[in-house]
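Below you'll find the structure, written out as structure tokens, and then a few comments.
In our numbering, the protein residues as written are 796 to 899.
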């Protein structure tokens, strides 16, 4: 699978290694990215719907009276996340190799 993730999707998936509800995903994404990625509610819920359709995340059944919908990463989503991490590592390694003299 050769899928390139946007930074937002990468952090959403990363935040869902532990199941979370929408607001928790927004907070964790901002924390993990050190404030670089700030998701508006509309953007987040559009992304969550898309990720559910792809089978990368699933909603967790909740109590009927609960308004909070929690999501979790699927095995497929975890594979996509691991592949992206490996791709990013390769990018960094290639950059460091080529720029080693300039980085000193």
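Note that the Cβ used here is the ideal one computed from N, Cα and C, for glycine as well.
Note that the structure is a prediction, hence the values are computed from the model and not measured.
Comparing alpha-carbon positions, which option in 845, 813, 880 lies nearest residue 837?
It is 845.
By alpha-carbon positions, which one of 818, 825, 891, 889 ends up nearest to residue 802?
Nearest C-alpha to residue 802: 825.
Residue 853 lies in the beta strand (DSSP E); which residues open and close that run?
Start and end: 852-855.
Which of helix, strand or coil does DSSP assign to residue 826?
Three-state DSSP puts residue 826 in a helix.
In angstroms, rounded to a whole number, what distance separates the CA positions of residue 899 and residue 878?
For residue 899 and residue 878, the distance between alpha carbons rounds to 30 angstroms.
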